[in-house]
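What follows is a single structure, written as structure tokens, with notes after it.
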Amino acid sequence: MRTNHVPIRTCLGCGQRRQKGELVRIVIKDKALMVDEGGRLPGRGAYLCHCTECVHRLLKKKGRLSYALRAALPHAVEEGFLRDLLLPEVGEG
771 MRTNHVPIRT CLGCGQRRQK GELVRIVIKD KALMVDEGGR LPGRGAYLCH
821 CTECVHRLLK KKGRLSYALR AALPHAVEEG FLRDLLLPEV GEG
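Residue numbers in the sequence shown follow my numbering, run continuously in steps of one, and reach 863 at the last position.
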């Protein structure tokens with residue numbers, strides 16, 4: 771019996787390889803960064819773990835998100851988007 775193929779993606783923060791469904795997909799839509807919750811938006815995607823440590827690591831890697839998405843994003847836009855990802859986490863603690 772044949773098993774189904776499970777796509778594997780790499781987290782930009784920690785570099786761990788995980789199943790696609792375990793990661794958050796980030797895409798560019800209408801010249802803005804956004805989280806692709808359904809995994810169905812068109813275009814190149816970049817993946818990130820759900821943990822805040824990976825977001826903090828990616829914040830330190832300047833330009834890494836724009837490089838992965840192959841788009842010329844200003845650093846301020848990239849940093850602002852990643853900080854917005856952290857806001858719900860900060861409010862919980």
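Using N, Cα and C, we set each Cβ at its ideal position, and we do this for glycine too.
Predicted model, so just to flag it, every value in this text is computed and none were measured.
- Taken atom to atom, the span from the alpha-carbon of Pro844 to that of Met771 is near 49 Å.
- Residue state for Ala838 is assigned as helix, using DSSP reduced to three classes.
- For the set Ala838, Leu818, Leu811 and Val825, the Cα lying nearest the Cα of Val794 is the one of Leu818.
- Bridge partners of Ala846 according to DSSP: none are assigned.
- With a 10 Å radius around the Cβ and a threshold of 16 neighbouring Cβ atoms, Gly809 comes out exposed.
- Scanning its chain for C-beta atoms nearer than 6 Å, with the 5 sequence neighbours on each side dropped, one finds around Gly813 the residues Val797, in chain order.
- In its chain, beyond the 5 residues on either side, Val797 and Lys799 have a beta carbon closer than 7 Å to the beta carbon of Leu811.
- Residue state for Thr822 is assigned as helix, using DSSP reduced to three classes.
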